[in-house]
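The listed protein sequences derive, respectively, from chains P and L. Take -6 as the starting number for the first sequence in the numbering used here and just add one per residue. Take -6 as the starting number for the second sequence in the numbering used here and just add one per residue. Have a look at the structure below before the remarks.
2 protein chains.
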Amino acid sequence: MTTDAELLAAVGRLAARLLRSEGSEPVRAAWPATEVESALGLALPAQGRPAGEVLASVAALLEAAPAMAGPRFWNQLFGGRDLVATAADMLASVANHSLYTYRAAGPLVVVEQLVLARMAALAGFDAGEGTICPGGSVSNLCAVVIARGEAIAASREEGVDGRACRIYASAEAHYSVRKAAMTAGLGRNGCRDIPCDAQGRMDPTALDAALTEDRAAGLTPVLVAATAGTTVRGAFDPLPAIADVCARHGVWLHVDAAFGGAMLLSAQTRGLLAGVERADSLTWDAHKVMGVPLLCSALLMRRRGHLAAQLGETADYLFQCDDAELNPGTRALQCGRRDDALKLWALWQHQGDAGLAARVETLRAQALRLSDLASAHPRLQLAEAPPSLTVCLRTPGADAAAVCDLLAAERRQLVGHGLIGGERIVRVAIVDPSHDEAALHALINDIDDATQRLALGPPQTWARLAGHSGGLS
Amino acid sequence: MTTDAELLAAVGRLAARLLRSEGSEPVRAAWPATEVESALGLALPAQGRPAGEVLASVAALLEAAPAMAGPRFWNQLFGGRDLVATAADMLASVANHSLYTYRAAGPLVVVEQLVLARMAALAGFDAGEGTICPGGSVSNLCAVVIARGEAIAASREEGVDGRACRIYASAEAHYSVRKAAMTAGLGRNGCRDIPCDAQGRMDPTALDAALTEDRAAGLTPVLVAATAGTTVRGAFDPLPAIADVCARHGVWLHVDAAFGGAMLLSAQTRGLLAGVERADSLTWDAHKVMGVPLLCSALLMRRRGHLAAQLGETADYLFQCDDAELNPGTRALQCGRRDDALKLWALWQHQGDAGLAARVETLRAQALRLSDLASAHPRLQLAEAPPSLTVCLRTPGADAAAVCDLLAAERRQLVGHGLIGGERIVRVAIVDPSHDEAALHALINDIDDATQRLALGPPQTWARLAGHSGGLS
């Protein structure tokens, strides 16, 4: 019989073990999907199993899954962790509040408001407000829905002909913008791709022309989604010029800074987002660069009132007391809302403004350092000067995707690839400040080594030589 | 200097303390919102604070917030917890996987598929599939978007005139259905309220008439959302008759069983959902009745393929390897997805099918027991025989809302209220099997006592007499 206290103590020990295993075995063997259920004994049982035994299975399962942190992980726009934020998130799971009403969540509502107000202020939204969404895709969707309601007043109550509406994003924007257009009834084609310059930034002149063309065709431009930190290149669309275009056409400006929002935390980097204070709304994912656990996406609004005006519903059985102001469920797409604010508040308490600024500066310095290493490298090539926190490398003589796959199969590095102007490159995401000089060197050396071997022959040979089944095609 | 292991050990101890405080102080003092920031020292600092100190603040904050579990909590459709599920969720925060690709989440993708397949099978969707969403509102929204795409083939690519589309739900359905209509571009009025019978169940004849009328008017019926377990009364819409109507009109049948889905876990209660196997889609929140932490809403589909066909996007930088089947991000509204499956898998391992069935049977027995206590009570009245897991009580001589507020202000019980046919009643949610006979008696006695006192005079008198500032209006 395991007591509650014993079980929770075991959670602490298993969590510590998980952290250690990320250091000692940072790239784990990939399991062929077809073997997972039987090999790991995952089948759901008719009769229950003892708590301690289940917890051990959970830990074993997590250690069999890819490690999402540690010195060899560069594969997503999140990585590493601030352990205080993680600890707060663990306690949020225990406390299990739903952030919809003050009656249900009390002071935790104020906690969410505090972090949102600070983020809004950093964006120059001094009279703004916000809501924390389960991911940047949901934040972007909410922005589209709100902008649609503002552009076409009848849409909230009466609906809208989505075929006559358009939103605009650069050709290198995140796919969630297109998905938001589809969800909101505009269709995927309702999201118009605006061409980029050679650095992957939206061309404001092309945006201007598209808006003029669509207006002339009788279409209603609903929202322009500029990107601050594109997924592959880390590029920042030119916000001042885009804001000018939006102002001229009277169109809602949304900035998808899911990846790049953290650049606002340091005076050294916030210039990348110059002009953001003119945006109407902003997506900023704290679970990416800032090191809090998934998910924590802030949707920030320059003006108060839009969230409730477009997303609010009355519900007699839920919103029973307190000002609407204190009931964040009136400003959200969701009803029940996990407390994803507490971990961000804990991070801020632990780091302070100064620590968060230093974090971003460290990451930027690491990106520049990796960029220097690549520039100076005899064989690898830097694809472009990194605008922010992704570094893109050419692997001459070998396909960059094959390089990534080989590194994963050989359990050396987890890193992904992308396209720049049709050319496939290795994309390194620099989001974990614990990655030190040695980690950067190991990464460069491993990419170089894989590239050289692949240049000699087909990848199958090398994967087999390395004695791994791979499982990652 | 706190080591990682020490910090995580502290998490275990603080979590245990939080559990104890739910027992010793189950209804906490309510903080006036204006005092929270300074009284609890919540302001975000310029310089960071030590980890241990922040963690202590987090714990203090959680103990100052309302307790969402424990013997006096009957206020939401979730309550209590299965501690093994909670423990798994805590470890999920540490491991921090994103369930979008097999490369990123490996075996955890299979874990999600296993729990979804079991839930789908329980719904009679033997060839089905599913996805876990951050809450029932998102699940319902996805169902509307998918049904819209199936009803009007061009809508996914070209968009749709939402003004010409309709969805249908009972007048007692959850507000998220109306919000989904708004989000999808149909407008709030695009959700048509279908009248209910005296027991709060959708009238299939009225549904039939509405569909006929709308078709004749040239409108496109997109989806019927039947409710299995309404929020206040716990009523179940008559699925066989509704499925007949949907089949006759060729309309997508969605069942919002966010609350009632758990009734499928026991042979004794699954009859409430008879006919669900004819639905096209189903929302079932495991974070409600089943005791896993927020959020864990399963959207289940009777047929494979609809999720990816309507929600899928290509993303070269993300979906880089493995079959689409193994990349659940192709079947989701979100991009990054917190691992909300692991806790449910852990619950199932701990309880087994048998334990989950027993859980539901215990809850149903408690609801009937409370209903008997109310029926036999000399003053309180049972508003109606409870269809499932909510019990609605009349408080003759006092306003039910005032009764709930008084009980909260006096820190005796947390329970909410609702409307049945315009009459305000106390709604007791029976979702925590650890509520024993004594807890049921205490609840009845406290409701009776508050009712009697309120019947004597204005609530202000009593709140002041009790010596509490209240803070809950």
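In this text, a Cβ means the ideal position worked out from N, Cα and C, and glycines have one as well. It should be emphasised that the depicted structure is a prediction, and the values quoted were computed from it without experimental measurement.
### Query
Touching or not, the region 219 to 230 of chain L and the region 190 to 198 of chain L, by the rule of three or more beta carbon pairs under 8 Å?
yes
Gly348(L): contacting residues in chain P (beta-carbon distance under 9 Å)
Gln40, Gly41
### Query
Are three or more beta carbon pairs between the region 101 to 110 of chain P and the region 357 to 365 of chain P nearer than 8 Å?
no
Worksheet item: By the criterion of Cβ-Cβ separation under 9 Å, what are the contact partners of Ala98(L) in chain P?
Response: Ala58, Pro59, Met61
- Task: Name, please, each residue of chain L whose Cβ falls closer than 8 Å to the Cβ of Ala8(P).
- Result: Leu1, Val4, Met83, Leu84, Val87
| request: Indicate the three-state DSSP secondary structure (helix, strand or coil) for Tyr93(L) in the structure shown. | output: coil
Q) Measuring CB to CB, does Ile440(L) end up less than 8 Å from Leu366(L)? A) no
- Task: Report back the beta-carbon spacing between Thr94(P) and Leu265(P) to the nearest angstrom; my notes put them in contact at under 8 Å.
- Result: With a Cβ gap of about 37 Å, Thr94(P) and Leu265(P) do not count as contacting.
Ala23(L) touches chain P at which residues, Cβ-Cβ below 9 Å?
-> Tyr95, Arg96, Gly99
CB of Ala443(P) within 8 Å of CB of Thr383(P), strictly
no
Worksheet item: If you draw a straight line from the alpha carbon of Ala8(P) to that of Ala301(L), how long is it in whole angstroms?
Response: 34 Å
task = Please list the segments of the beta strand (DSSP E) lying wholly inside the region 201 to 238 of chain L, counting only runs of 3 or more residues, in order along the chain.
result = 213 to 220
*Could you list the residues in the region 212 to 234 of chain P with a C-beta less than 8 Å from some C-beta on chain L, going in chain order?*
Thr224, Val225
For Gly305(L), the residue or residues it bridges with in DSSP: Gly305(L) is not bridged to any residue.
**Item:** Contact set between Asn182(P) and chain L, taken where Cβ atoms lie within less than 9 Å
**Value:** Glu150, Glu151, Gly152
Beta-ladder partner(s) of Leu407(L), from DSSP
Phe66(L)
Worksheet item: Interface residues of chain P around Gly178(L) at Cβ under 8 Å?
Response: Arg141, Ser148, Gly152, Val153, Gly155, Ala177, Gly178, Leu179
Run through chain P and tell me which residues come within less than 8 Å of Val495(L), C-beta to C-beta. In the structure as shown, chain L starts at -6 and stops at 466, and residue 495(L) therefore has no counterpart that could be examined.
### Task
Between the Cα of Asp315(P) and those of Leu1(L), Glu(-1)(L), Ala26(L), spot the shortest distance and give me the residue it belongs to.
Ala26(L)
Self-check item: Separation of Ile187(P) from Ala378(P), as counted between CA atoms
Solution: 23 Å
Next item on the list: Measure the alpha-carbon distance for Asp249(L) versus Asp82(P) and round it to whole angstroms.
Entry: 29 Å
Whose C-alpha, out of Arg420(P), Leu373(P), Gly254(P), Arg6(P), is nearest the C-alpha of Ala448(P)? Leu373(P)
> Taking Cβ positions, are Cys328(L) and Gly73(P) nearer each other than 8 Å?
Replying inline: no
TODO: Please name the residue in Arg42(P), Ala166(P), Cys239(P), Trp277(P) whose C-alpha comes closest to that of Asp201(P).
DONE: Cys239(P)
Which listed residue (Ala402(L), Ala(-2)(L), Arg65(L), Ala53(L)) has its alpha carbon closest to that of Asp429(L)
Arg65(L)
To the nearest angstrom, how far is the alpha carbon of Val4(P) from that of Ser86(P)?
12 Å
query: So is Asp425(P) buried or exposed if we call it buried at 16+ other beta carbons inside 10 Å?
result: buried
**Message:** Between the alpha carbons of Asp392(L) and Cys184(L), how many angstroms are there, rounded?
**Reply:** 31 Å
State buried or exposed for Pro371(L), treating a residue as buried only when at least 16 other CB atoms are found within 10 Å of its CB. exposed
Proximal residues of chain L, C-beta to C-beta of Gly345(P) below 9 Å: Leu37, Pro38, Ala39, Gln40, Gly41, Arg42
Limits of the alpha helix (DSSP H) - the one that Met175(L) falls within:
168 to 176
- Query: Under 8 Å Cβ-Cβ, which residues of chain P neighbour Pro426(L)?
  - Reply: Under the 8 Å cutoff, chain P gives no residues; its nearest Cβ is about 14 Å from Pro426(L).
**Request:** Examine chain L for any beta-carbon lying closer than 8 Å to the beta-carbon of Gly162(P), and answer yes or no.
**Result:** It is Ala, not Gly, that sits at residue 162(P) in the sequence shown. Not closer than 8 Å to any Cβ of chain L, the Cβ of Ala162(P) fails to qualify, so no.
CB contact flag (Pro100(L), Leu11(P), <8 Å)
no
ask   = DSSP state of Gly142(P), grouped into three classes?
value = helix
### Message
Buried or exposed for Thr223(L), going by 16 or more other Cβ atoms inside 10 Å?
### Response
buried
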